[in-house]
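Read through the structure below, which is laid out as structure tokens, and then see the notes.
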Amino acid sequence: MADLKALADAIIKGDQNTAVEITRTALDEGTAAKSVLEEGLIAGMDVVGGRFKKNEIYIPEVLIAARAMKMAMEILEPELVKAGVKPVGKFLIGTVQGDLHDIGKNLVAMMLKGAGFEVIDLGVDVGPEKFVEQAKAAGAQLIGMSALLTTTMPGMEKTVKALKDAGVSARIMIGGAPVTQGYADKIGADGYTPDAASAVDLAKTLVA
Ligand code: B1M
11 MADLKALADA IIKGDQNTAV EITRTALDEG TAAKSVLEEG LIAGMDVVGG
61 RFKKNEIYIP EVLIAARAMK MAMEILEPEL VKAGVKPVGK FLIGTVQGDL
111 HDIGKNLVAM MLKGAGFEVI DLGVDVGPEK FVEQAKAAGA QLIGMSALLT
161 TTMPGMEKTV KALKDAGVSA RIMIGGAPVT QGYADKIGAD GYTPDAASAV
211 DLAKTLVA
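My numbering numbers the first residue of the sequence shown as 11 and each following residue consecutively.
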């Protein structure tokens, strides 16, 4: 019988070969895809997120764990679809207009996937119109914006306004090195977090 605790450990260690092997074995043995996801992959990423938040591990370890998760997810995803397992929520994310920094945004996206969210990543240099168009098309419950430059932060305010003007009711989260809770309050975003692990916690709260 495949050991889902060992799968979680493989994710924590970023051991992608073992993660893929246990995921395959578990599915071949008839373990439910949902259990593989929740007791193996998400359980492992939860530990990674917690350790990252406490500064016990750093960005490289998180990226390695996320890569192992991604490889295992490639095998698991078709089975989850077949089994009709619904994601925790649909999260649209992008770096705002004029801004090409994507390392932090990618980290947030990976951690959200790790927590069971369906993530639609719009990439970098995303203007308000694109956020609005894609939010409507995807019916996302959550929209996340990242900005690393003080000069591109106003793009967040413009996007929040454009989303509200267009009647998009999704909750909006923002983040990035120059962003603060005060700024989130000022522009009418629903939340700000300083790091990717807290972004997952906030997303879970906002979608609940
Ligand atoms: Co840029 N850059 N950069 N740069 N760059 C900074 C941001 C800067 C602080 C460097 C400096 O001067 N000390 C400075 C900004 C100054 C300012 O405005 N305050 C700066 C500048 C000026 C520039 C250029 C203008 C330089 C130039 O060309 N003259 C230019 C702008 C290009 C553009 O975007 N239009 C530029 C370009 C670049 C590179 C392309 C070379 C490269 C980006 C590569 C890439 O992203 N693919 C780059 C890099 C790498 C950096 C630094 C060194 C590192 C940024 C990073 O990835 N950090 C940065 C200096 C620094 O921070 N030491 C710098 C790691 C990442 C994990 O952190 O993105 O903060 P971060 O994400 C965190 C949190 O903020 C949070 O979670 C993550 C971790 O848990 N978070 C969220 C992020 N998004 C979130 C969203 C959420 C919630 C949390 O909810 C949705």
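Quick reminder that beta carbons are idealized off the backbone N, C-alpha and C, glycines included.
Give the single residue among the options whose Cα lies nearest to the Cα of residue i.
i    : options                   : result
G50  : A76, K23, K80 and A16     : A16
F62  : D211, L212, A207 and L216 : A207
L47  : L152, D205, A119 and F127 : F127
K64  : L216, P204 and K214       : P204
I130 : G192, Q151, V178 and L110 : Q151
G198 : A180, L90 and A78         : A180
A93  : N27, S45 and K146         : S45
M121 : Q191, G54 and A12         : G54
P138 : A147, G165, A119 and P188 : G165
P188 : E66, K23 and M155         : M155
G60  : G40, V217 and D211        : D211
G24  : I74, E31, L14 and A36     : I74
Could you have a look at residue i and say whether DSSP puts it in helix, strand or coil?
i    : result
G201 : strand
V136 : strand
D131 : strand
M8   : No answer is possible for residue 8: it lies beyond the span of the chain, which begins at 11 and ends at 218.
G154 : strand
M183 : strand
E66  : coil
A176 : coil
P188 : coil
G59  : helix
P41  : It should be pointed out that residue 41 corresponds to Thr in this sequence rather than to Pro. The answer is coil: DSSP assigns T41 none of H, G, I, E or B.
P97  : coil
L110 : coil
G149 : coil
The beta strand (DSSP E) spanning residue i covers which residue range?
i    : result
I22  : Counting along the chain, I22 falls outside any beta strand (DSSP E), though it belongs to the alpha helix (DSSP H) covering L14 to K23.
K100 : K100 to T105
Going by other Cβ atoms of all chains shown within 10 Å of its Cβ, with 16 needed for buried, is residue i buried or exposed?
i    : result
M183 : buried
T162 : buried
L158 : buried
V58  : buried
V91  : exposed
K100 : buried
I67  : buried
Q107 : buried
If residue i and residue j are in contact, beta carbons under 8 Å, what's the gap, nearest whole angstrom?
i    : j    : result
T105 : K115 : 5 Å
A82  : T33  : 4 Å
A78  : V98  : No, A78 and V98 are not in contact; Cβ-Cβ is about 20 Å, not under 8 Å.
L110 : I69  : Wrong, their Cβ atoms sit about 18 Å apart, outside the cutoff.
K140 : L132 : 6 Å
A18  : T41  : About 14 Å; that fails the 8 Å criterion.
I'd like the span of the alpha helix (DSSP H) that includes residue i, first residue to last.
i    : result
M120 : I113 to G124
T160 : Looking at the DSSP string, T160 is not in any alpha helix (DSSP H), and its letter there is neither H nor E.
D38  : Q26 to D38
L47  : Counting along the chain, L47 falls outside any alpha helix (DSSP H), and DSSP gives it neither H nor E.
A209 : A206 to V217
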